[in-house]
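In this note's numbering, the protein residues as written are 4 to 608.
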């Protein structure tokens, strides 16, 4: 594929590099577990003068507890053994606004399967903590298919949050009520989320590409009082009217008292076309005037374990489970991942392609805690312009770019030298998640997007609204691996007998509690479903349902797919990702699926 056309809409400088093809073969699991003895020198290597917030925090820990932590693995081991003081010291280091008085961080005599509480009697407000940026700095930069952008500063964001928050209070929303968003990834969605959390309400969202039945399967269970939504969306440069779908959703949610409609396409809204039109109000009309917002605005201080988000399981085995995540646990985990693992700073700008139906949206929103800017884009990442994400990253001078691994696969197949077309020199981190990032994609990112950028393949899940593993500037990048287990996450690979193993494929488990564990599932009496989901495989140990291999040499992790997708042929367990990574190298094959068969007394694939 040659250079894109229509560059007049998104004129960005190039850095003078030249295009080159990438024909390197994908490495096997054995290859990518080799020590970094120069084979991967072309990838990111930590510089000698590194001074990240991770290292600053480590030095504080060393001095306070009189310990010597020679490297990242030492720090990780210490953080898992001393997880109570690790998380408490992080609260102080990150300057999280925590009120109330707690007697202990956590009861360490309790196992992870006992669901111990964190920071009992402490209080905080998620929104108040996240609004740390300077008034005149950009909080959100909304980008569109033509690369035009709209910027909202932190001052504008605070004003809009407080005006919507006051409107919610005036509408009778109280602490503990649920507010839902059936929204695209837009500025107004972020305002609605933050405004809900500001007054102590619980937020949950679904992507606008969900069908009405999927939305109702989720929202019916949480009984929302207010729904934020839009009249229409654009995708692949086409307008999709949501009126019919929205009417079915509203009809199925008798708990709704008000529907706040965002006029996102600047067209005339005909409220008469909606069921229960008397409940509808325009987003801009719903906002109270700034003059009617008390100064200072009261940010509701809620218990550490107060529900912040309700997330939903995939629903593959029935109606999606409602996974409740706490205010303090979510914030603390996200702060660790953005501030410590990601070394995010006020000058950073992050573009992470996600919908509001994916936990990465919630993770992305918490990035504001670091004082940086979030770049929003909600249209198609590939059609009609397959370069659009790179164009936007260049124009907005993004320092952090993220998306699902499948999109990097698509870029790799394009074989375009993006760095010669667009100035991506500001990038210092490229994030990938959703599925294992193939070694070939690591190589493509390094060769054709930004050389020696930190490639952070992160892995976790909706269940923990965060990550078990990912990146660190303290470690070299090894293609095919998540660089490290995250601090405070006591993760192992277990064999079928429940024994920890390295350099072999095993079940991903977590041995000790962590703050972003769900508090509960809605409607789950005595944690019955919760225990079945994570603690049935190994007694008293969280089994996440992923299959992985932890390297004794690098400390990195190779993700091999879901354990329920693992094939067992003749007693040999095979992760499907191992097969897909090889088959995908054949250009003649557009897609594939791996299945097992038992025929003629033989196990075949």
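Virtual Cβ for every residue (Gly too), placed ideally from N, Cα, C.
Cβ of residue 619 within 8 Å of Cβ of residue 415? Lying before the first or after the last residue shown, residue 619 is absent from the chain, which here runs from 4 to 608.
Need the endpoints of the alpha helix (DSSP H) that residue 190 sits in, please. 190 to 201
Who does residue 552 pair with in a DSSP beta bridge? 508, 561
As assigned by DSSP and simplified to three states, the class of residue 105: coil
One question on the structure: do residue 372 and residue 132 come within less than 8 Å of each other, judged by their Cβ atoms? yes
Taking the C-alpha atoms as reference points, what is the distance between residue 34 and residue 488? Confidence in residue 34 is poor, its pLDDT being 35 and thus under 50, which makes the residue's placement unreliable; the coordinate value appears in the next sentence. Each residue's alpha carbon lies about 20 Å from the other.
DSSP state of residue 345 mapped onto helix, strand, coil: coil
How would you label residue 288, buried or exposed, when you count the other beta carbons within 10 angstroms and need 16 or more for buried? exposed
For residue 496, list the residues DSSP reports as bridge partners. Residue 496 is bridged by DSSP to 504, 511.
If you draw a straight line from the alpha carbon of residue 104 to that of residue 111, how long is it in whole angstroms? 19 Å
Buried or exposed: where does residue 128 fall if 16 or more other Cβ atoms within 10 Å of its Cβ makes it buried? buried
6 Å Cβ shell around residue 543 - same chain, five flanking residues per side excluded: 114, 116
Counting Cβ pairs, one atom from each stretch, are 3 or more of them under 8 Å apart for the segment 393 to 409 and the segment 253 to 270? no
Counting along the chain, where does the beta strand (DSSP E) carrying residue 250 start and finish? Looking at the DSSP string, residue 250 is not in any beta strand (DSSP E); the run it does join, the alpha helix (DSSP H), is 246 to 254.
According to DSSP, simplified to helix, strand and coil, what is residue 132? helix
For residue 460, the nearest candidate out of 454, 447, 480 (CA to CA): 480
One or two residues paired with residue 216 in a DSSP bridge: Beta-bridge pairing by DSSP links residue 216 to no other residue.
Buried or exposed for residue 150, going by 16 or more other Cβ atoms inside 10 Å? buried
Taking all protein chains shown into account, decide if residue 493 is buried (16 or more other Cβ within 10 angstroms of its Cβ) or exposed. buried
Sequence-distant residues of the same chain with beta carbon closer than 6 Å to residue 538, five excluded per side: 116
Tell me the DSSP secondary structure of residue 156 in three-state form. strand
By how many angstroms is the C-alpha of residue 525 removed from the C-alpha of residue 615? It is not possible to answer for residue 615, since the shown part of the chain is limited to 4 through 608.
Buried or exposed: residue 486, going by 16 or more other Cβ atoms within 10 Å of its Cβ? buried
Nearest to residue 520 by alpha carbon, out of 328, 477, 48? The shortest C-alpha separation from residue 520 is found at 328.
Using C-beta distances below 7 Å, list every residue in its chain close to residue 475, excluding the 5 sequence neighbours before and after it, in chain order. Contacts found: 57, 75, 344, 486, 487.
In chain order, what residues of the same chain have a beta carbon less than 6 Å from the beta carbon of residue 268, not counting five sequence neighbours either side? In its chain, beyond the 5 residues on either side, 235 have a beta carbon closer than 6 Å to the beta carbon of residue 268.
Collapsed DSSP secondary structure at residue 434 in the structure displayed: strand
If you compare alpha carbons, which of 397, 84, 406, 166 is closest to residue 381? 406
Starting from residue 210, follow the beta strand (DSSP E) in both directions and report where the run begins and ends. 205 to 210
Helix, strand or coil for residue 596 per DSSP? Three-state DSSP puts residue 596 in coil, outside helix and strand.
Secondary structure at residue 357, three-state DSSP: helix, strand or coil? coil
Is residue 175 buried or exposed, if buried means 16 or more other CB atoms sit within 10 Å of its CB? Residue 175 is exposed by the Cβ-count criterion.
Between which two residues does the alpha helix (DSSP H) carrying residue 83 extend? 75 to 84
As assigned by DSSP and simplified to three states, the class of residue 385: coil
Using the three-state DSSP reduction, which class does residue 222 fall into: helix, strand or coil? Per DSSP, reduced to three states, the secondary structure at residue 222 is helical.
Flag this pair as touching only if the segment 135 to 146 and the segment 544 to 558 have three or more C-beta atom pairs under 8 Å; answer yes or no. no
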